[in-house]
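UniProt numbering puts the sequence shown at residues 1 to 337.
No residue lacks a Cβ here, since even glycine has one placed at the ideal position from N, Cα and C.
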Amino acid sequence: MNQRRWLAVAIAVGLFLFSIVTSMMMPETDEKIGSDSLNSLLYGTDELTPKIIEDGNSNKKIARLSVEGAIIDSNPTSFWSQETYNHQNFLEQVKAIKEDVTVQGVLLEVNSPGGGVYESAEITKELSNLKKERDIPIYVSMKNLAASGGYYISAGADKIFATEETTTGSIGVIMSGTNYSGLMEKLGIEDATYKSGALKDMGSGQRPVSEKDKEVFQSYIDSAYGRFVKVVSEGRKMSEDKVKKIADGRIYDGKQAKENGLVDAIGYPEDALEALRKDKNLKNAVYVEYQSDSTGFANTLFGAQFGKGSDKDDFMSILENLTTKEAPKAMYYYGGE
1 MNQRRWLAVA IAVGLFLFSI VTSMMMPETD EKIGSDSLNS LLYGTDELTP KIIEDGNSNK
61 KIARLSVEGA IIDSNPTSFW SQETYNHQNF LEQVKAIKED VTVQGVLLEV NSPGGGVYES
121 AEITKELSNL KKERDIPIYV SMKNLAASGG YYISAGADKI FATEETTTGS IGVIMSGTNY
181 SGLMEKLGIE DATYKSGALK DMGSGQRPVS EKDKEVFQSY IDSAYGRFVK VVSEGRKMSE
241 DKVKKIADGR IYDGKQAKEN GLVDAIGYPE DALEALRKDK NLKNAVYVEY QSDSTGFANT
301 LFGAQFGKGS DKDDFMSILE NLTTKEAPKA MYYYGGE
């Protein structure tokens, strides 16, 4: 490990020992309370509470949701690190909004290249349920990037905003892998895989891709693509045939997306918020964001320093969660630079 990692470990051990000593010094009757208080002091809590972004009438709330980064369900890669997008935390925020009867509008900010098919569909399902069960309007503000899965989760909104510089679209499904069977043959390396059926090792890079492989994979991709088209068709109130004409995987800027019916208006998050206030009579509503308490001593003092990973670490974390060494994975993901 490098010097920074060793220092992080030393600090973690020190905090652990400090917590043990402190707990031993507390009266037995207060042990649990003291331990919980200490943990909250050091690390904060996971409880979601509304944090005010813009003050207003507390009887009416507009809640902010944010998807920042690749849409994958992953755990932090190290003790100190924080993922850019936390899928489970996002779902918990949606749940908290659903349970708060004073929330009367949601602004979803999206800055994402998309990601997993499952995670994108799960977000869309939960947002749809929120609209149906609570009759809450959802406006979307697309920021720098809202492509593929980033558009998938936006399509069902009541109104979509994008800037002229926003990259969006990329409607489609991709599955990538590497086949190195030709290299193995040149090196004299033989595949020694034993399987119960001809397609059991589909996607393996150790043997040539068969026509049947291609047929099955394409059918799988087409099925996922059909679900994507349906989501856009229902959300944007377009025929599926019309969606397919603009959903060949290409990207659009905000202006092009508006011309093709993929977004409703050109604007930034503040414009989307203002429109939501005006359209839904929420002018004086307080604007909040549901957050867990990350202001613990350890997080505040050390988190920013030791949570910083390299660009390479971030890339590998995303790669590992989107695919595996042995088999490709279908994704609603835009891979352009």
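Per-residue DSSP class, three states only, for residue i
i: phenylalanine 79; result: Confidence in phenylalanine 79 is poor, its pLDDT being 41 and thus under 50, which makes the residue's placement unreliable; the coordinate value appears in the next sentence. Residue state, collapsed to three classes: coil.
i: valine 140; result: strand
i: methionine 184; result: helix
i: aspartate 264; result: coil
i: proline 328; result: coil
i: lysine 32; result: Any reading at lysine 32 is ruled out, since the residue's pLDDT is 47, under 50, leaving its predicted position unreliable.
i: phenylalanine 302; result: In this prediction, phenylalanine 302 scores a pLDDT of 48, lower than 50, which makes its location untrustworthy; the coordinate-derived value is nonetheless stated afterwards. Phenylalanine 302: helix per DSSP, three-state reduction.
i: aspartate 279; result: helix
i: tyrosine 194; result: coil
i: glutamine 206; result: coil
i: valine 243; result: helix
i: glycine 307; result: Here glycine 307 scores only 48 on pLDDT, less than 50, and its place in the model should not be relied on; the value that follows carries that caveat. Of the three classes helix, strand and coil, the one that applies to glycine 307 here is coil, per DSSP.
i: tyrosine 85; result: coil
i: alanine 155; result: coil
i: lysine 200; result: coil
i: isoleucine 189; result: coil
i: aspartate 271; result: helix
Reference residue i; option with closest CA among the options
i: lysine 244; options: Tyr194, Pro269, Val173; result: Val173
i: leucine 107; options: Asn86, Ser148, Ile153; result: Ile153
i: methionine 175; options: Leu127, Gly267, Asp222; result: Asp222
i: serine 148; options: Gly169, Ala157, Thr102; result: Gly169
i: leucine 145; options: Gly115, Arg134, Lys98, Lys230; result: Gly115
i: leucine 48; options: Ala192, Leu91, Thr124, Ser120; result: Leu91
i: serine 181; options: Ala162, Gly205, Val110; result: Gly205
i: tyrosine 85; options: Tyr287, Val101, Ser66, Asn57; result: Ser66
i: alanine 257; options: Thr167, Pro113, Asp271; result: Thr167
i: isoleucine 136; options: Glu109, Gly105, Gly156, Glu122; result: Gly105
i: phenylalanine 120; options: Gly254, Ile171, Lys131; result: Looking at the sequence provided, one finds serine at residue 120 rather than phenylalanine. Considering only alpha carbons, the answer is Ile171.
i: proline 113; options: Gly197, Lys214, Ile251; result: Ile251
Extent of the continuous alpha helix (DSSP H) run through residue i
i: lysine 60; result: Where lysine 60 is concerned, there is no enclosing alpha helix (DSSP H), although the beta strand (DSSP E) it sits in stretches over 57-68.
i: isoleucine 221; result: 211-236
Bridge partners - residue i, DSSP secondary structure assignment
i: asparagine 111; result: Glu68
i: valine 175; result: One detail in the question is off: residue 175 reads as methionine in this sequence, not valine. According to DSSP, which records beta bridges pairwise, methionine 175 is partnered with nothing at all.
i: lysine 51; result: Glu289
i: threonine 168; result: Ala146, Tyr252
i: phenylalanine 161; result: Ser141, Ala265
i: valine 94; result: Answer is none; valine 94 lacks a bridge partner.
i: tyrosine 333; result: Gly114
i: valine 106; result: Ala63, Ile138
Opening and closing residue of the beta strand (DSSP E) in which residue i lies
i: threonine 124; result: Where threonine 124 is concerned, there is no enclosing beta strand (DSSP E), although the alpha helix (DSSP H) it sits in stretches over 117-134.
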